[in-house]
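Asks: Sequences listed follow chains B and D, in order.
Going by numbering that gives the first Met the number 0, the letters in the first sequence line up with residues 0 to 526, in that order.
Going by numbering that gives the first Met the number 0, the letters in the second sequence line up with residues 0 to 246, in that order.
Heads up, the beta-carbon is just placed ideally off N, CA and C, and yes, glycines get one too.
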Amino acid sequence: MQLYFSHSYRDVSINTYFIEQFRNINTAGEAAGRGEALNLCADQKSDTWCVAKLERYLFQLSGFVSVIPRRLTESQRVVYSEYIAYELTLARRARTPRLLFVDDQVLRDNRDRFPEDAVPFLYEQPESEASAHEDAIRRFKRMLQAGAGRPPRAYRPRQAIVVVPEQERVERAAKEVEGLLRSESYNVSVVKGRGAAAAFDNIRLLEALLDAELCVFLLGEGLSFANLVLAMAHAQCIPSIRFQYDPRADGKGPDLSGLLRWKSTSGLIEQFKVQLHYFRRSYVLPLERSSSASEAARATATTEWHATGRNAWDPRDGPALVAHVRPDEPFVADRVSAVSTDIGGFAAGRDRSFANDVCRRLYEEIRRRRYYYELEPRSMLSEVQMIRTPNDVDAHRCGTCLDLACLFASLVEAAHLRALIVIVGNGDFAHALAGYFAPDEVSWDRPPLLGELRAAVHRQDAVLFEATGAVEAEKPVAGETEQERRAGAKTLDFTIAKEAAERVLARGDIEMRHVIDVGALRQRRGG
Amino acid sequence: MPSPVKLYQQELHNNLGYFATWLPGDDIRLGDIGVLQAGRFHKLASLQELGIPCTAGTSGQPQILNYSSTADTTVSSSAGAASPGIAKAEIAIKFSRQGAFLFQALGVQSLDLANRTATAAGILRAFEQKAWNKEWLVVDSVYQADSATIIVSEDETAGIVLTGSSALPLGSLPLADPKLGLTVSSTSGKIVHLIAASGLHPLYSCLRLKDPLIGAPSVVPVRGGSSPEERAPAALARPSIADLLDS
């Protein structure tokens, strides 16, 4: 039996625990020769939110399992992911058999938002209620075996319906969508309608929607026939990609309900290609992915991401890293602007304590967003590492040490400080630190050697900090201790992040890989 | 092949980033002005003498520095405490290559230029007034140690035996601690040594005027505000270890 596994990617330890619970029950079932195994099916983490794919899963699979941990807001309030909440809403609408494990505090604070059958767990120690969780899974399994599960949705593979209002601009866009679907071997029907009321009585249209693998709705200006057909498809949980014409569309991804705004046909087609790709992508099976539950949880949480050439970096080419420092990205500009306002502008001070204050505030700007530490995205290219841009880090809500070092270098440079990225390593590991040169530090006409950098940090001519300290990590990433991570609720205080970086730099078993003095490199490269 | 002194200086610089004072007992002070000659800092003047601001600040807490060229240095001590009536305890240090060394310092604190901007501006003014030679260096940071033991082998194989004169067991305290009352009882091969010497400045760093021929000319942003003095540190650079070793 295949179950959709709705979970928060960042909470690897919680996910590990529940994956392990399912594995134990499957193993016990096999040993006793009882029943079919419960297979968790998860969506590989990506930077695309595809509601049509979720709708497809919820009718295709036997059940829905959701693990809903807490999130801390910037003001430290306990909430939960709006995306998981939306998945749960879809599952409830589709009347998919479900099993919910909800953080006890989230459940207490939001009792009326969850169904009665939600099972609580303790965020810090889920295993303390392991027997209750095991019982819940066994009950759910028995219920599915007794016939509570529905047969998979019956549809005609490769059948697509495009629904449009009779509006010239939208009809032109529909032709492009139709062409693209045909090039992907879909049989396509384009349905146009004028009167809104006609939608309600067209039973053949409803049957066609139910039969289709995928529906595409192109909404135009004003309420139309297409809006009402979409409402019916939505109520039936029919897999649908939704576009809304909007002359102010900014090309951003879909909103929580899956609605994509478009103003040009080319922009619509670009977004449609991405949605179609994700719609057709299959799910992954965490239980079969690795014999280690934590490895399975981590692998599923690693972003599948369509990196472009601008994300690639050859680790042998240190100076090339400067291209990944992007002080002009909107996300960076917004954060730096907030800090500038707080301190009365970057011209308000020029000494070392002012620089430290600016850097600390930038660090806290990122830290309060509660991003998390993640591995780098996989790449088909050999001998390159993909680096998330600052906007990618914000979109994925996670990053590697190098992604975050580049993010901080971008922030620091945008705040008129001398940004620094340091990469140290040995045969077993490589690690990036972020920092800056003090405002009164002298020129370096060559990159400092390891010893020289240690001396510069000792003199406070250079300040380095553990960039991953600003994001949540389940365990120490480099120079910090487990206790320090715990004390900072999985993150590190800025002072501790600096101490952790000094510990890394002081290690006797490392060598310097690269020191990137961003400003000096830009000057040498003439930009 | 590099001389033993160069090997010692190179290894300390690789790890700590400072120049090792040579001879280890040489008195190098913050604000000293000089040139590098044969691996030594040769003092010519001081910032005070030229009327250039030189304010000292300390960074960090006093600490212990303990560094040896591990693969080539072995330290062994004779048994236990030197109790009354028992033969005094000894510690033998053997070196198996030129430049191998043992470096231990107690109560180490760095003294740094506290107002680098003012100092840099003063140096630039002195240079413009032809009172500063472009080849000159200024010591911008020194490590001062309450007590230090520094032993450097100048031969392929060398050794030194130290005898403790106190009741304290050898090994309980660093070799730089004067409470051990260490004295040299014998040596073999050529060795430079300072045992529990007080008031040393064993490490230093310095700055020079940046060579204007290196680096692209920079464009000053049009934004008002900053004074030429604030930009003065950018006119200074740090000499490399090669500058010291090849001097």
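Using a Cβ cut-off of 7 angstroms, pull out every chain B residue sitting near residue 17 of chain D, in sequence order please.
Replies: Here residue 17 of chain D refers to the residue found at position 18 of the second sequence. Neighbours of residue 17 of chain D on chain B, chain order: 454.
Asks: For residue 105 of chain B, which residues of its own chain have a beta-carbon under 8 angstroms away from its beta-carbon, when the five flanking residues on both sides are left out?
Replies: In the first sequence, residue 105 of chain B corresponds to position 106, counting from 1. Within the same chain, residue 105 of chain B has close Cβ partners 67, 68, 69, 77, 78 and 79.
Asks: Give me the DSSP bridge partner(s) of residue 164 of chain B.
Replies: One-based indexing of the first sequence puts residue 164 of chain B at position 165. DSSP output for residue 164 of chain B lists B:192 as bridge partner(s).
Asks: Check whether the Cβ atoms of residue 361 of chain B and residue 338 of chain B sit closer than 7 angstroms, and answer yes or no.
Replies: Along the first sequence, one-based indexing puts residue 361 of chain B at 362. Along the first sequence, one-based indexing puts residue 338 of chain B at 339. Taking 7 angstroms as the Cβ cut-off, residue 361 of chain B and residue 338 of chain B qualify as a contacting pair.
Asks: Can you have a look at residue 75 of chain B and say buried or exposed, based on whether 16 or more other CB atoms are within 10 angstroms of its CB?
Replies: On the first sequence, residue 75 of chain B is found 76 positions in, with the first residue counted as 1. Exposed, by the Cβ-count rule.
Asks: Give the DSSP-derived three-state secondary structure of residue 205 of chain D in the structure shown.
Replies: Sequence index remark: in the second sequence, residue 205 of chain D carries index 206 (1-based). Strand.
Asks: For residue 216 of chain B versus residue 227 of chain B, is the C-beta spacing smaller than 7 angstroms?
Replies: The count along the first sequence starts at 1 and reaches residue 216 of chain B at position 217. The count along the first sequence starts at 1 and reaches residue 227 of chain B at position 228. Their beta carbons are not under 7 angstroms apart, which means residue 216 of chain B does not touch residue 227 of chain B by this criterion.
Asks: Beta-carbon within less than 7 angstroms of residue 185 of chain D's beta-carbon, same chain only, minus the 5 sequence neighbours each way: which residues are those?
Replies: Locating residue 185 of chain D in the second sequence gives position 186, where the first residue counts as 1. The answer, listed in chain order, is 160.
Asks: From B:392, B:166 and B:136, pick the residue whose C-alpha is nearest to that of residue 243 of chain B; which is it?
Replies: Taking the first residue of the first sequence as position 1, residue 243 of chain B is located at position 244. The shortest Cα separation from residue 243 of chain B among B:392, B:166 and B:136 belongs to B:166.
Asks: What residue ranges within the region 45 to 125 of chain B form continuous alpha helix (DSSP H) runs of no fewer than 4 residues, ordered along the chain?
Replies: With a minimum length of 4 residues, the continuous alpha helix (DSSP H) runs that stay inside the region 45 to 125 of chain B are 50 to 59, 81 to 92 and 103 to 108.
Asks: So residue 98 of chain D packs on residue 152 of chain D, CB below 8 angstroms; how close in whole Å?
Replies: Working through the second sequence from its first residue, we reach residue 98 of chain D at position 99. Working through the second sequence from its first residue, we reach residue 152 of chain D at position 153. 7 angstroms between Cβ atoms; contact.
Asks: Please give the ranges of any beta strand (DSSP E) in the region 72 to 152 of chain D, keeping only runs that are unbroken, at least 3 residues long and fully inside the region.
Replies: Segments of the beta strand (DSSP E) lying fully in the region 72 to 152 of chain D: 72 to 76, 89 to 94, 100 to 112 and 136 to 152.
Asks: I'd like to know whether the C-beta of residue 470 of chain B is nearer than 7 angstroms to at least one C-beta of chain D.
Replies: The residue given as residue 470 of chain B occupies position 471 in the first sequence. For residue 470 of chain B, the answer is no, since every Cβ of chain D falls outside 7 angstroms of its Cβ.
Asks: Just the Cα atoms here: how many angstroms apart are residue 207 of chain D and residue 244 of chain D?
Replies: Taking the first residue of the second sequence as position 1, residue 207 of chain D is located at position 208. Taking the first residue of the second sequence as position 1, residue 244 of chain D is located at position 245. Looking at the two C-alpha atoms, the distance is approximately 16 angstroms.
Asks: Contact check, residue 309 of chain B vs residue 299 of chain B under 8 angstroms by CB: the rounded distance?
Replies: Looking up residue 309 of chain B in the first sequence gives position 310. Looking up residue 299 of chain B in the first sequence gives position 300. Not really, about 26 angstroms apart at Cβ, beyond 8 angstroms.
Asks: Since residue 478 of chain B meets chain D, which of its residues come closer than 9 angstroms, beta carbon to beta carbon?
Replies: As a working mapping, residue 478 of chain B is identified with position 479 in the first sequence. Under the 9 angstroms cutoff, chain D gives no residues; its nearest Cβ is about 17 angstroms from residue 478 of chain B.
Asks: Using a Cβ-Cβ distance under 7 angstroms, would residue 442 of chain B count as near chain D?
Replies: Residue mapping note: residue 442 of chain B aligns to position 443 of the first sequence, counting from 1. Taking Cβ atoms only, chain D reaches closer than 7 angstroms to residue 442 of chain B, which makes this a yes.
Asks: Under 7 angstroms, Cβ to Cβ, is there at least one residue of chain D near residue 42 of chain B?
Replies: Stepping through the first sequence from its first residue, residue 42 of chain B is reached at position 43. No - not a single Cβ of chain D is within 7 angstroms of the one on residue 42 of chain B.
Asks: Whose C-beta lies closer than 8 angstroms to the C-beta of residue 503 of chain B among residues of the same chain, with five residues either side of it excluded?
Replies: Translated into positions along the first sequence, residue 503 of chain B becomes position 504. These residues qualify, in order along the chain: 423, 430, 432, 465, 477, 478 and 509.
Asks: Is residue 516 of chain B helix, strand or coil when you go by DSSP?
Replies: For the purposes of this step, residue 516 of chain B is identified with residue 517 of the first sequence, where counting begins at 1. Residue 516 of chain B falls in the strand class under three-state DSSP.
Asks: So is residue 197 of chain B buried or exposed if we call it buried at 16+ other beta carbons inside 10 Å?
Replies: Within the first sequence, residue 197 of chain B is the residue found at index 198, counting from 1. Label assigned to residue 197 of chain B: exposed.
Asks: For residue 206 of chain D and chain B, any beta-carbon pair shorter than 7 angstroms?
Replies: By one-based count along the second sequence, residue 206 of chain D stands at place 207. By this cut-off, residue 206 of chain D is an interface position.
Asks: Residues bridged to residue 511 of chain B by DSSP?
Replies: Along the first sequence, one-based indexing puts residue 511 of chain B at 512. In the DSSP output, where bridge partners are listed per residue, residue 511 of chain B has B:423.
Asks: For residue 400 of chain B and residue 314 of chain B, I'd like the C-alpha separation in whole angstroms.
Replies: Here the question's residue 400 of chain B lines up with position 401 in the first sequence. Here the question's residue 314 of chain B lines up with position 315 in the first sequence. Near 14 angstroms, if we compare the C-alpha coordinates of residue 314 of chain B and residue 400 of chain B.
Asks: So residue 233 of chain D contacts chain B; which residues on that side make the cut at Cβ distance below 8 angstroms?
Replies: Numbered from its first residue, the second sequence carries residue 233 of chain D at position 234. Within 8 angstroms Cβ-Cβ: 441 and 442.
Asks: Should residue 103 of chain B and residue 121 of chain B be called a contact, given that it needs their Cβ atoms to be closer than 7 angstroms?
Replies: Counting from one through the first sequence, the residue named residue 103 of chain B turns up at place 104. Counting from one through the first sequence, the residue named residue 121 of chain B turns up at place 122. It is a contact, given that the beta carbons lie within the stated cut-off.
Asks: Taking buried to mean at least 16 other C-beta atoms within 10 Å of its own C-beta, is residue 253 of chain B buried or exposed?
Replies: Counting from 1 along the first sequence, the entry for residue 253 of chain B is found at position 254. Looking at its Cβ environment, which holds 16 or more other Cβ atoms inside 10 Å, residue 253 of chain B is buried.
Asks: By the 7 angstroms beta-carbon criterion, what residues does the region 108 to 141 of chain D contribute toward chain B?
Replies: If the cut-off is 7 angstroms between Cβ atoms, the region 108 to 141 of chain D has 109, 111, 115, 116 and 140 near chain B.
Asks: What whole-angstrom Cβ distance do residue 111 of chain D and residue 146 of chain D have, given they're in contact under 8 angstroms?
Replies: Here the question's residue 111 of chain D lines up with position 112 in the second sequence. Here the question's residue 146 of chain D lines up with position 147 in the second sequence. Contact flag wrong, Cβ pair sits at about 21 angstroms.
Asks: Does the separation of the CB atoms of residue 210 of chain B and residue 152 of chain B fall below 7 angstroms?
Replies: For the purposes of this step, residue 210 of chain B is taken as the residue at position 211 of the first sequence. For the purposes of this step, residue 152 of chain B is taken as the residue at position 153 of the first sequence. Against a cut-off of 7 angstroms, the Cβ pair of residue 152 of chain B and residue 210 of chain B comes out as no contact.
Asks: Let me check understanding here. Comparing Cα to Cα, which of B:214, B:467 and B:22 lies closest to residue 55 of chain B?
Replies: Taking the first residue of the first sequence as 1, we reach residue 55 of chain B at position 56. Taking only the C-alpha atoms, the option nearest residue 55 of chain B is B:214.
Asks: In chain order, what residues of the same chain have a beta carbon less than 7 angstroms from the beta carbon of residue 90 of chain B, not counting five sequence neighbours either side?
Replies: As a first step, residue 90 of chain B is located in the first sequence; it is residue number 91 there, counting from the start. Contacts found: 57, 63 and 97.
Asks: Within its chain, find whatever has a CB closer than 7 angstroms to the CB of residue 231 of chain D; leave out the 5 residues flanking it on each side and keep chain order.
Replies: The count along the second sequence starts at 1 and reaches residue 231 of chain D at position 232. Cβ within range, chain order: 116, 119, 120 and 123.
Asks: Please list the residues of the region 325 to 341 of chain B that have a C-beta atom closer than 8 angstroms to any C-beta atom in chain D, keeping them in chain order.
Replies: The residues in question: there are none.
Asks: Just how far apart, CA to CA, sit residue 190 of chain B and residue 516 of chain B?
Replies: In the first sequence, counting from the first residue as 1, residue 190 of chain B sits at position 191. In the first sequence, counting from the first residue as 1, residue 516 of chain B sits at position 517. Cα to Cα, residue 190 of chain B sits roughly 59 angstroms from residue 516 of chain B.
Asks: Can you list, in chain order, the residues of its chain whose CB lies under 7 angstroms from that of residue 324 of chain B, leaving out five sequence neighbours each side?
Replies: Sequence index remark: in the first sequence, residue 324 of chain B carries index 325 (1-based). Contacts found: 405, 408, 409, 412, 418 and 517.
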